[in-house]
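See structure below.
Residue numbers (my numbering): 46 to 320.
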C-alpha cells in the first residue's frame with residue numbers, strides 16, 4: 046500500500062469525513078438556502094418595476110459574491126478541529142497520508158462545494174428570475190430620452206451563459222475565460238484560508254484574514270502593472286494585442302498561484318503531524 050496515495054484508503058477517508066460532518070453540511074446548506082430566499086424576497090419587493098437585481102449582470106454578481114463568501118467560511122471550518130488539542134490529535138492520527146488529507150480538503154472545498162452551491166443557486170434563483178421577468182413592466186416610450194438597452198432577464202449559469210458586449214450584442218463565445226479566472230482566484234484564496242487555519246496555532250482566523258488582506262493588496266498591485274487580463278480580455282469584445290510571452294506568463298501565473306498555495310497547505314499539514 047502506497048504511503049502517498051491509496052484509492053481505497055482515500056475512499057474510506059471520504060466516508061469517515063461524511064459520517065462526522067453530515068449534519069453540519071446539511072445545516073450549512075439550509076442556512077445558505079434560507080439567506081438566499083430572504084434576499085430573493087427582499088429584492089422582489091424593493092426592486093421597483095425594473096427588477097434590476099434579477100437581470101443578467103446582477104445575477105452574475107449575486108452568484109459570484111455568494112459563492113466566494115460562503116466557500117471561504119466553509120474552507121475556514123474544514124480543519125477547525127486543529128484548534129482544539131484533543132480533536133487535533135484525533136484528526137492528525139487518522140490512517141491517511143498528508144496528501145490524501147489535503148486532497149480531501151480540495152475536493153470538498155474547491156470542487157464539491159461550488160457544485161452544490163451552483164445547484165442550490167439554480168433551484169432557488171431560476172424561478173425568481175422568471176417571476177421577475179413576468180412581473181416586469183416596460184416603461185412608457187419616450188421620444189426624447191436616450192436609447193436604453195432592453196432589460197436582460199437571461200439566467201446566469203457559469204460556463205454556459207453567453208455574455209454581452211458593451212453595445213448590447215450577445216457574444217457567441219461563452220464566459221469560460223471569466224469563470225476560469227474567477228475559479229483560480231477562488232481556489233487561491235481558499236488555499237490561503239485553509240493553510241492559515243492549519244499553520245497558525247493561536248488566533249488562526251484573525252491571522253489568516255490578515256494574510257488574505259495582504260494577498261489582495263498584492264494581487265491588486267500586480268494586476269494593475271502586469272498583463273493579467275488574458276483570460277477575459279475578449280469577453281466584452283475588447284481588442285487587446287498580446288504577445289505570446291505575455292499570454293504564457295499570464296496563464297502560468299494564474300495556474301501556479303493556487304497550485305503553490307495548496308502545496309503550502311500540504312506542508313503545513315505535514316508539519317503539524319510531525320509536531
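Backbone N, C-alpha and C define an ideal beta-carbon position, used for all residues, glycine too.
Given a threshold of 16 other Cβ atoms within 10 Å of its Cβ, counted over all protein chains shown, does residue i qualify as buried or as exposed?
i: residue 62; result: buried
i: residue 77; result: buried
i: residue 79; result: exposed
i: residue 146; result: buried
i: residue 314; result: buried
i: residue 248; result: exposed
i: residue 49; result: exposed
i: residue 217; result: Residue placement at residue 217 is flagged as unreliable, the pLDDT there being 45, under the threshold of 50; a coordinate-derived value is accordingly withheld.
i: residue 164; result: exposed
i: residue 150; result: buried
i: residue 284; result: A caution first: residue 284 carries a pLDDT of 47, below 50, which makes its placement in the model unreliable, though a value can still be read off. Exposed, by the Cβ-count rule.
Out of curiosity, what's the CA-to-CA distance linking residue i and residue j?
i: residue 204; j: residue 223; result: 9 Å
i: residue 202; j: residue 171; result: 10 Å
i: residue 91; j: residue 173; result: 14 Å
i: residue 111; j: residue 153; result: 17 Å
i: residue 307; j: residue 143; result: 12 Å
i: residue 51; j: residue 175; result: 47 Å
i: residue 57; j: residue 115; result: 27 Å
i: residue 100; j: residue 107; result: 10 Å
i: residue 179; j: residue 148; result: 45 Å
i: residue 303; j: residue 236; result: 7 Å
i: residue 245; j: residue 122; result: 14 Å
i: residue 69; j: residue 166; result: 19 Å
i: residue 159; j: residue 104; result: 16 Å
i: residue 262; j: residue 182; result: 43 Å
i: residue 71; j: residue 59; result: 16 Å
i: residue 281; j: residue 102; result: Only weak support exists for where residue 281 lies, its pLDDT of 42 falling under 50; the coordinates are left without a value.
i: residue 81; j: residue 232; result: 23 Å
i: residue 305; j: residue 256; result: 15 Å
i: residue 251; j: residue 260; result: 14 Å
i: residue 97; j: residue 208; result: 17 Å
i: residue 300; j: residue 311; result: 17 Å
i: residue 67; j: residue 157; result: 14 Å
i: residue 298; j: residue 83; result: 39 Å
i: residue 138; j: residue 161; result: 29 Å
i: residue 75; j: residue 206; result: 27 Å
i: residue 65; j: residue 117; result: 20 Å
i: residue 87; j: residue 221; result: 31 Å
i: residue 113; j: residue 293; result: 27 Å
Do residue i and residue j have their CB atoms nearer than 8 Å?
i: residue 253; j: residue 230; result: no
i: residue 196; j: residue 95; result: yes
i: residue 317; j: residue 234; result: no
i: residue 73; j: residue 124; result: no
i: residue 109; j: residue 258; result: no
Check whether the Cβ of residue i sits closer than 7 Å to any heavy atom of the ligand MN, and report yes or no.
i: residue 100; result: Looking at this structure, you won't find the ligand MN or any other ligand, since it has none at all.
Compute the beta-carbon to beta-carbon distance between residue i and residue j, rounded to the nearest angstrom, for a pair I have assumed lies under 8 Å.
i: residue 155; j: residue 240; result: Wrong, their Cβ atoms sit about 13 Å apart, outside the cutoff.
i: residue 54; j: residue 140; result: 7 Å
i: residue 225; j: residue 169; result: Incorrect: roughly 25 Å between the Cβ atoms, too far for contact.
i: residue 289; j: residue 177; result: Residue 289 to residue 177, Cβ: 45 Å. No contact.
Shorter than 8 Å from the beta carbon of residue i to some beta carbon of chain B?
i: residue 59; result: No chain B is present in this structure, which holds just one protein chain.
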